[in-house]
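Q: For the sequence shown, the residue numbers in the working numbering are 158 to 391. Think of the CB as a built atom: it goes at the ideal place given N, C-alpha and C, for glycine as much as any other residue. Source: prediction; values computed, not measured.
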Amino acid sequence: MKQQKLKTRLFAIALSLLLIPVIFAIIFVVALRWINPITSSIMLQNDIHSVLSGENKFSAYQWHDWDKISRHVAVAVIAAEDQRFPSHFGIDFSELFNAITSKSERLRGASTITQQVAKNLFLWSKRSYFRKALEAGLAILIEIFWSKQRILEVYLNIAEMGDNLFGIGAASAFYYHKTPAQLNRHEAARIAAVLPNPTQYSVLQPSEFVVKRQRWILKQMKQLGGKALLEKLD
158 MKQQKLKTRL
168 FAIALSLLLI
178 PVIFAIIFVV
188 ALRWINPITS
198 SIMLQNDIHS
208 VLSGENKFSA
218 YQWHDWDKIS
228 RHVAVAVIAA
238 EDQRFPSHFG
248 IDFSELFNAI
258 TSKSERLRGA
268 STITQQVAKN
278 LFLWSKRSYF
288 RKALEAGLAI
298 LIEIFWSKQR
308 ILEVYLNIAE
318 MGDNLFGIGA
328 ASAFYYHKTP
338 AQLNRHEAAR
348 IAAVLPNPTQ
358 YSVLQPSEFV
368 VKRQRWILKQ
378 MKQLGGKALL
388 EKLD
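1) For my contact list, residue 350 and residue 374 are in at a C-beta cut-off of 8 Å; report their separation, rounded to the angstrom.
2) Should residue 234 and residue 312 be called a contact, given that it needs their Cβ atoms to be closer than 8 Å?
3) Are the beta-carbon atoms of residue 236 and residue 339 separated by less than 8 Å?
4) Residue 193: which of 228, 307, 391 and 211 sits nearest, CA to CA?
5) In angstroms, rounded to a whole number, what distance separates the CA positions of residue 286 and residue 356?
6) May I have a chain-ordered list of the beta strand (DSSP E) segments no shorter than 3 residues that lie completely inside the stretch 307 to 356?
7) Confirm, please, whether the CB-CB distance from residue 217 to residue 321 is below 8 Å.
8) Look at the alpha carbon of residue 238 and the alpha carbon of residue 276, and state the distance between them as a whole number of angstroms.
9) Locate the alpha helix (DSSP H) running through residue 228, then write down its first and last residues.
10) Assess, as a yes-or-no matter, whether the stretch 295 to 306 is touched by the stretch 174 to 188 under the definition of 3 or more beta carbon pairs within less than 8 Å.
Below, the structure written as structure tokens:
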């Protein structure tokens, strides 16, 4: 009898240890449906690393609401990062399968915009299958509780877009001395072109790769329907 009670208690403890993080994750995800984040996990890690290394260069970040961001920027990041964003439910299984079977370093290439939001808000940068599993679970939660427009709005505000530059507000001010609402197609595509590695690639001194990628993104923006693409977002 005592052994049975002990097993039941251990099971209850184990279940609690599993459920508590899930409950907290749901609470945070639901809250951020309406509350704009003042920072993100990746920004905090960036700032901590900066302090520990003695650089003391802190993340530049300023929130801009959806209606204060050029639609060109929204279309450009969809074209560059996740063309099936309007239709998938947080995970693009086709891209994920291709990334796994190709045996390449393109695990990031399988990450949807929703997964990148989950990673940036709650997780860490270092790649691992454990992080990808957490990222996928959080992405599904985000898709359940947020609209596509909200997901894209948050992504545009917290994505790393340069060295210590987070979000389109900081990026547009630094690169073009403009507000996000003032960016044109070419400027939006140039910023989107560096997203695969915004600390390695430069917007102001673009490499041949960045220039070619910008041209490709501009073509994709047109083929996807331009601003009309955003009408598919709920």
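A: From the atom records:
1) If you number the sequence shown from 1, residue 350 lands on position 193. If you number the sequence shown from 1, residue 374 lands on position 217. The pair is a contact, with the Cβ atoms about 6 Å apart (cut-off 8 Å).
2) Numbered from its first residue, the sequence shown carries residue 234 at position 77. Numbered from its first residue, the sequence shown carries residue 312 at position 155. Their beta carbons are under 8 Å apart, which means residue 234 touches residue 312 by this criterion.
3) The residue you call residue 236 lines up with position 79 of the sequence shown. The residue you call residue 339 lines up with position 182 of the sequence shown. Cβ atoms of residue 236 and residue 339: not closer than 8 Å.
4) As a first step, residue 193 is located in the sequence shown; it is residue number 36 there, counting from the start. Of the candidates 228, 307, 391 and 211, the one whose C-alpha sits nearest the C-alpha of residue 193 is 307.
5) The residue labelled residue 286 in the question sits at position 129 within the sequence shown. The residue labelled residue 356 in the question sits at position 199 within the sequence shown. When rounded, the distance between both Cα atoms is 23 Å.
6) 317 to 319
7) Taking the first residue of the sequence shown as 1, we reach residue 321 at position 164. Taking the first residue of the sequence shown as 1, we reach residue 217 at position 60. It is a contact, given that the beta carbons lie within the stated cut-off.
8) Counting from 1 along the sequence shown, the entry for residue 238 is found at position 81. Counting from 1 along the sequence shown, the entry for residue 276 is found at position 119. Each residue's Cα considered, the two are about 15 Å apart.
9) Position 71 of the sequence shown, counting from 1, holds the residue named residue 228. From DSSP, the alpha helix (DSSP H) with residue 228 extends over 228 to 238.
10) yes
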